[in-house]
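From first to last, the protein sequence lines are chains Z and X. Taking my numbering, the leading residue of the first sequence gets 1, the next gets one more, and so forth. Taking my numbering, the leading residue of the second sequence gets 1, the next gets one more, and so forth.
There are 2 protein chains.
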Amino acid sequence: MPKQLPVVAMDTCCSPLAREPLSAGQAIELSKLFKAMADPVRLRLLSLIASHAGGEACVCDLTDAFDLTGPTISHHLKVLRESGLITGERRGTWVYYRVHPEVLARLSAVLVPGDAIVPA
Amino acid sequence: MPKQLPVVAMDTCCSPLAREPLSAGQAIELSKLFKAMADPVRLRLLSLIASHAGGEACVCDLTDAFDLTGPTISHHLKVLRESGLITGERRGTWVYYRVHPEVLARLSAVLVPGDAIVPA
DNA sequence: TCCTTGGATAGATGTTCATCAAAACAGTGG
DNA sequence: CCACTGTTTTGATGAACATCTATCCAAGGA
């Protein structure tokens, strides 16, 4: 399993869209997250993982839900992993994925004109 | 000004990602919105419009904020328009754009495991 | 050790997309 | 009617991306 470093720096990103104009750098960071979610297969993968019992799902479960080859699913999981939205862990034979709810929460907060992000 | 029909059917979309697996159709609809936001320029445009005084901004203001040609900005505005995120209105010489807050709110709600969308 | 199964990587291919220059379109004022 | 400014459309080009086949790595069981 490759590194799980969060590629997207959500720590500093961002005030709500409607509060103040996004800086160029913030926009680039945010766009990486949106790009990761800008595919139907990846959205379903994310949803399958997030809604699965125990908060995690193994790749075997995920592959069965699509008419796609294993490598393609693996590719999409890699995109989600590198964007920081999910993490994968091997336990014995199978690899289990789970979502990072904080990242989804921060992303959600950017879209509505509520409070700014509280610095961690 | 072309039609402003909301291309994305957010009316029926969706329960939160973590509540139940997205259907294939729902994932396609949602991905159109995320795809529209999956570009740094479009995110900054959205933010510039949403945070602008009066809730609207003219194209002339927007163009000045980027090192891009007019046609490129116009292209990005078209993508945002066709996704249903913004609307444009011509008043005399200038065209003014404003965001559709409901669409952003629904998108935001999908990301966090709160209540399901209340039917309008 | 060898074989089998789950999963990831590498390389190739067709499609989608961001950008620009050139042209067209829409208003305003002379 | 003509010239000028603001905005959109068209057409072309290069980069990014989704998908596949083939190959490889990791873990478990004979």
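Here a beta-carbon is modelled for each residue, glycine too, at the ideal position from N, C-alpha and C. From a predicted model like this one, the values you see are computed outputs, not experimental measurements.
**Request:** Note down the Cα distance separating E20 (chain Z) from A24 (chain X), rounded to an integer number of angstroms.
**Result:** 35 Å
**Request:** Determine whether the Cβ of V112 (chain Z) lies closer than 8 Å to any Cβ atom of chain X.
**Result:** yes
**Item:** Counted within 10 angstroms of its Cβ, other Cβ atoms place A109 (chain X) as buried (16 or more) or exposed
**Value:** buried
**Message:** According to DSSP, is V112 (chain Z) part of a helix, a strand, or is it coil?
**Reply:** coil
**Request:** Have a look at X:L43, X:S31, X:A57 and flag the residue whose alpha-carbon is nearest the alpha-carbon of R91 (chain X).
**Result:** X:A57
**Message:** Our contact map puts L111 (chain X) next to L17 (chain X) with C-beta atoms below 8 Å; I'd like the distance itself, whole angstroms only.
**Reply:** 6 Å
**Request:** Give the DSSP-derived three-state secondary structure of R19 (chain Z) in the structure shown.
**Result:** coil
**Request:** Measuring only between beta-carbons, confirm whether K35 (chain X) sits less than 8 Å from chain Z.
**Result:** yes
**Request:** Can you give me the start and stop residues for the beta strand (DSSP E) that T87 (chain Z) sits inside?
**Result:** 86-91
**Prompt:** Do you know offhand how far A65 (chain X)'s Cα is from H75 (chain X)'s?
**Reply:** 15 Å
**Item:** Euclidean distance between Cα positions of C209 (chain Z) and S83 (chain X)
**Value:** Nothing about residue 209 (chain Z) can be reported from this structure: the residues present for chain Z run from 1 to 120 only.
**Message:** Applying the 10 Å Cβ sphere with the 16-neighbour rule, what's the burial state of D39 (chain Z)?
**Reply:** buried
**Asked** With distances taken between CB atoms, is the gap from L43 (chain X) to L30 (chain Z) smaller than 8 Å?
**Response** yes
**Message:** For A36 (chain X), which residues in the same chain have their Cβ closer than 7 Å to its Cβ, ignoring the five residues on either side in sequence?
**Reply:** R42, V79, L80, S83, L85
**Message:** Nearest by alpha-carbon distance to D121 (chain X): which of X:L45, X:R98, X:E102, X:S51 is it?
**Reply:** Missing from the structure shown is residue 121 (chain X); chain X here goes from 1 to 120 and no further.
**Item:** Nearest neighbour of L33 (chain Z), chosen from Z:H100, Z:T63, Z:A53 [CA to CA]
**Value:** Z:H100
**Request:** Closer than 7 Å, Cβ to Cβ, to anything on chain X: give me those residues from the stretch 41-67 of chain Z, in chain order.
**Result:** L43, R44, L46, S47, L48, A50, S51
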